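Since the structure comes first, as structure tokens, the remarks are kept for the end.
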Amino acid sequence: FAKCAQVFKDGKLVNRFQLSPCNGAELECAVLPLVLKPGTSITCTTEADRLARLDQARKNL
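In my numbering, the protein residues as written are 280 to 340.
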């Protein structure tokens, strides 16, 4: 998954997305809608959880 991290580039501290693998056989990286408010999150999740969150977000439209 990706997270915002501070890294040095050309001698300066800057914010960049840092990629990390999802640990676990059933986990995959997904961009999910937030259920209770507008927005998204990038996270490692299972297929079942991803589908449940998408379904819940559609119901909240």
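Glycine included, every Cβ here is placed at the ideal spot set by N, Cα and C. Please read these numbers as outputs of a predicted model, since none were measured by experiment.
Among the options, the one whose alpha carbon lies nearest that of residue i
{"i": "T325", "options": "K291, L292, K288, C301", "result": "C301"}
{"i": "K316", "options": "A304, S299, N339, C323", "result": "N339"}
{"i": "E307", "options": "F287, L330, D334, Q285", "result": "L330"}
{"i": "A304", "options": "C323, C283, G318, Q335", "result": "C323"}
Cβ-heavy atom distance, residue i to the ligand FAD, below 6 Å
{"i": "V314", "result": "Among the components modelled here there is no ligand, and therefore nothing to report on the ligand FAD."}
Beta carbon of residue i nearer than 7 Å to that of residue j
{"i": "F296", "j": "A281", "result": "yes"}
{"i": "L311", "j": "R332", "result": "yes"}
Residue i, DSSP secondary structure in three states
{"i": "L333", "result": "helix"}
I'd like the ranges of any beta strand (DSSP E) spanning at least 3 consecutive residues and lying wholly in the region 295-326. 307-312, 319-324
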